[in-house]
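Q:
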């Protein structure tokens, strides 16, 4: 797979480009992580799911991947949330808010089969790094000190400001709100150090007690863990302006010609009935609420069925349909367990044909992801592979070898894993043997025309989450994993 040419849309150039890592064989990326003041919603989860798929795909085609996802664990939103919950004690207890939602973040990531990043830096652990960077920016006159001790970045010192978002500075200034911040020279200038206000947490600095600004934080943490430039910088589409634009401006001031990252990758927004999710509209859907009814795998597959750059209009109806599709893919896997029992030990007549078909499906699957991460096409190929099992192999088990059946099954699992699904394929042997025993009893009942008892057994199995399908060759079964926790 090392010869696969990966192409990705670069927001900075506004075109799809060949993805060439700076260091051969190694990809370094940074994704803006959560501000943990509330529960993760389905929009956040789409972004983290996509970059997990991107990482899994890059590893599949032969790259090592170093991914950094930060936590903005001090912010106005966190402070305000602490005041709402703790009142006068918020000054001492504010840290409980990010701690709570960081724990929830990892719990949800486990449910969504999002593998850990290599680093999870927190803002509060890098305050001195940020102060050192601010000193540098002030010394170089890219930033200035306001009367209250706050530090602002001067965007007029960056001629290319607006390059990432495709906006012109003059037009931005004309349309900008004048923020009530004393000493701010330009409405687009942004704080890289915020002076302390009563009741807020603070850190010492050469200018005043306070805390760093959001846009600076990501530049400092990404460059510390990845160096400059690194390969890709990612996040949701809503971060292009002002957050990523301001990051790019800071990086220009610090590193000159470098763009901080070679490729800027952004994931489309999630809407509800065509409207952006927002607290004012009361249409935010927390992921933990979705996971009470649907599996994390179904949500991962649901995201993959829309191209990452397109908006996704979230609906529970669509998620229900996806859950059913996931069941059919899992059924294909479970059927291979039973096909193996009837397959030949030695080479069989259809081995070469089946293997060629599987390899072609894999090639089309990989080519789809290599083409700007076209996950809808990749899902289509995964469905084709499952259909090869459910509409062909189940009827000709004696014409294929066990080796070929295992090849098909392993390929189904490995391709599914790239999309974050099919990670619950392991079934304990005692479960398989018990189901097979019950199926054999039912078959004997049917042979003896005791259909009423046989139907009752089938109904009971269905209630337990074991779906039985009778074919002209044999009876197959599959586990309904949306109702069962089978982890092997």
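In this note's numbering, the protein residues as written are -16 to 471.
Heads up, the beta-carbon is just placed ideally off N, CA and C, and yes, glycines get one too.
(1) Around the C-beta of residue 46, are 16 or more other C-beta atoms found within 10 angstroms, so that it is buried, or is it exposed?
(2) Suppose you measure from the CA of residue 128 to the CA of residue 298; what does that come to, to the nearest Å?
(3) Which residues does DSSP list as the beta-bridge partners of residue 249?
(4) Taking residue 107 as the reference, give the member of 286, 195 and 151 with the closest Cα.
(5) So residue 378 packs on residue 456, CB below 8 Å; how close in whole Å?
(6) Alpha helix (DSSP H) containing residue 58: first to last residue?
(7) Does the beta-carbon of residue 474 have 16 or more other beta-carbons within 10 angstroms, so that it is buried, or is it exposed?
(8) Which word fits residue 89, buried or exposed, when buried means at least 16 other C-beta atoms lie within 10 angstroms of its C-beta?
(9) Given this structure, state the Cα-to-Cα distance separating residue 115 from residue 64, to the nearest angstrom.
(10) Taking the alpha carbon of residue 135 as the point to measure from, which residue in 147, 120 and 142 has its own alpha carbon closest?
(11) Taking 7 Å as the cut-off, is the C-beta of residue 104 nearer than that to any heavy atom in the ligand NAP?
(12) Are the segment 305 to 325 and the segment 55 to 74 in contact at 8 Å, needing three or more beta carbon pairs?
(13) Tell me whether residue 334 is buried or exposed, calling it buried when 16 or more other Cβ atoms sit within 10 Å of its Cβ.
(14) Can you give me the Cβ contacts of residue 506 inside the same chain, cut-off strictly under 6 Å, excluding the 5 residues immediately before and after it?
(15) Roughly how far, in whole angstroms, is the beta-carbon of residue 371 from the beta-carbon of residue 332, given that I think they are within contact range, below 8 Å?
(16) Sorted by chain position, which residues of the same chain lie with C-beta nearer than 7 Å to residue 355's C-beta, five sequence neighbours on each side aside?
(17) So, for residue 76: in the same chain, excluding its five sequence neighbours on each side, which residues have a beta-carbon less than 7 Å away from its beta-carbon?
(18) Drop a sphere of 10 angstroms on the beta-carbon of residue 73, count the other beta-carbons inside from all chains shown, and report buried for 16 or more, exposed for fewer.
(19) Buried or exposed for residue 9, please, with buried defined as at least 16 other CB atoms from any protein chain shown within 10 angstroms of its CB.
(20) Can you give the beta carbon distance from residue 491 to residue 139, rounded, assuming they're within the 8 Å contact cut?
(21) Would you call the segment 285 to 292 and the segment 427 to 434 touching, i.e. three or more CB-CB distances under 8 Å?
(22) What are the boundary residues of the alpha helix (DSSP H) that includes residue 233?
(23) Quick test of the definition: if touching needs 3 or more C-beta pairs under 8 Å, does the segment 342 to 361 touch the segment 391 to 411?
(24) Between residue 117 and residue 448, what straight-line distance do the alpha-carbon atoms span, to the nearest angstrom?
(25) Counting only the same chain and skipping the five closest in sequence on each side, list residues whose C-beta sits under 8 Å from that of residue 326.
(26) When the distance is taken between beta carbons, is residue 91 closer than 8 Å to residue 23?
(27) Can you tell me whether residue 425 is buried or exposed, with buried defined as 16 or more other CB within 10 angstroms of its CB?
(28) Decide yes or no for the touch test of the segment 349 to 369 against the segment 437 to 448: beta carbon pairs closer than 8 Å, at least 3 of them.
(29) Rounded to whole angstroms, what's the CA-CA distance from residue 470 to residue 313? Just pull it up for me.
(30) For the candidate residues 191, 175, -5 and 148, whose alpha-carbon lies nearest to that of residue 477?
(31) Based on Cα-Cα distance, which residue from 280, 111 and 218 lies nearest to residue 188?
(32) How would you call residue 229, buried or exposed, if buried means at least 16 neighbouring beta carbons within 10 angstroms?
(33) Which same chain residues, not among the five before or five after residue 3, have their C-beta less than 6 Å away from its C-beta?
(34) Under 8 Å, do residue 244 and residue 13 count as touching if we go by C-beta distance?
(35) Where does residue 413 land, buried or exposed, given buried means 16+ other C-beta within 10 angstroms?
(36) Taking residue 270 as the reference, give the member of -14, 7, 29 and -5 with the closest Cα.
A: Put simply:
(1) Along the chain shown, read from residue 1 onward, the residue named residue 46 stands at position 63. Result: buried.
(2) Taking the chain shown and counting its residues from 1, the one referred to as residue 128 is at position 145. Taking the chain shown and counting its residues from 1, the one referred to as residue 298 is at position 315. Cα to Cα, residue 128 sits roughly 48 Å from residue 298.
(3) Numbered from 1 along the chain shown, position 266 holds the residue referred to as residue 249. Paired residues: 218.
(4) Residue 107 sits at position 124 when you count from the first residue of the chain shown. Nearest C-alpha to residue 107: 195.
(5) Sequence index remark: in the chain shown, residue 378 carries index 395 (1-based). Sequence index remark: in the chain shown, residue 456 carries index 473 (1-based). Rounded, the Cβ-Cβ distance is 5 Å, consistent with contact.
(6) In the chain shown, counting from the first residue as 1, residue 58 sits at position 75. Counting along the chain, residue 58 falls outside any alpha helix (DSSP H), and DSSP gives it neither H nor E.
(7) Residue 474 falls outside the range modelled here, since the chain spans only -16 to 471, and no answer is possible.
(8) To locate residue 89, count along the chain shown from 1; it is residue 106. Exposed.
(9) Start at 1 with the first residue of the chain shown, and residue 115 comes out as number 132. Start at 1 with the first residue of the chain shown, and residue 64 comes out as number 81. The straight-line gap from Cα to Cα measures roughly 29 Å.
(10) Locating residue 135 in the chain shown gives position 152, where the first residue counts as 1. Nearest C-alpha to residue 135: 120.
(11) Summarising the ligand content, the structure contains no ligands, and the ligand NAP is consequently not present.
(12) no
(13) Here residue 334 corresponds to residue number 351 of the chain shown, with the count starting at 1. Buried, since its Cβ has 16 or more Cβ neighbours within 10 Å.
(14) Residue 506 lies beyond the residue range present for the chain, which begins at -16 and ends at 471; the question has no answer from this structure.
(15) Here residue 371 refers to the residue found at position 388 of the chain shown. Here residue 332 refers to the residue found at position 349 of the chain shown. Not a contact, Cβ separation roughly 16 Å.
(16) Locating residue 355 in the chain shown gives position 372, counting from the first residue. Closer than 7 Å at Cβ, skipping near neighbours: -10, -9, -8 and -1.
(17) Here residue 76 refers to the residue found at position 93 when the chain shown is read from its first residue. Here the set comprises 65 and 69.
(18) By 1-based counting over the chain shown, the position of residue 73 is 90. Buried.
(19) Translated into the one-based positions of the chain shown, residue 9 becomes position 26. Result: exposed.
(20) The first residue shown for the chain is -16 and the last is 471, placing residue 491 beyond what the model contains.
(21) no
(22) Counted from its first residue, the chain shown places residue 233 at position 250. Note, residue 233: alpha helix (DSSP H), 228 to 238.
(23) yes
(24) Here residue 117 corresponds to residue number 134 of the chain shown, with the count starting at 1. Here residue 448 corresponds to residue number 465 of the chain shown, with the count starting at 1. Approximately 59 Å between the Cα atoms of the pair.
(25) What you label residue 326 is simply residue 343 of the chain shown in a count that begins at 1. 380, 381, 383, 384, 385, 387 and 388, listed in sequence order.
(26) Position 40 of the chain shown holds residue 23. Position 108 of the chain shown holds residue 91. For residue 23 and residue 91, yes; Cβs fall inside 8 Å.
(27) On the chain shown, position 442 is the one that residue 425 refers to. Result: buried.
(28) no
(29) Locating residue 470 in the chain shown gives position 487, counting from the first residue. Locating residue 313 in the chain shown gives position 330, counting from the first residue. At residue 470, the pLDDT of 38 sits below 50, so the modelled position is not reliable; the number obtained from the coordinates is stated separately. Taking the straight line joining both Cα atoms gives about 13 Å.
(30) Because the chain spans -16 through 471 in this model, residue 477 falls outside it and cannot be assessed.
(31) Counting from one through the chain shown, the residue named residue 188 turns up at place 205. Comparing Cα-Cα distances from residue 188 to each of 280, 111 and 218, the minimum goes to 111.
(32) Numbered from its first residue, the chain shown carries residue 229 at position 246. With 16 or more Cβ atoms within 10 Å of its Cβ, residue 229 is classed as buried.
(33) Working through the chain shown from its first residue, we reach residue 3 at position 20. Within the same chain, residue 3 has no close Cβ partners at all.
(34) Position 261 of the chain shown, counted from the first residue, corresponds to residue 244. Position 30 of the chain shown, counted from the first residue, corresponds to residue 13. Yes; because the gap between Cβ atoms is below 8 Å, this pair is in contact.
(35) Numbered from 1 along the chain shown, position 430 holds the residue referred to as residue 413. It counts as exposed.
(36) Here residue 270 refers to the residue found at position 287 when the chain shown is read from its first residue. Minimum Cα distance to residue 270 is reached at 29.
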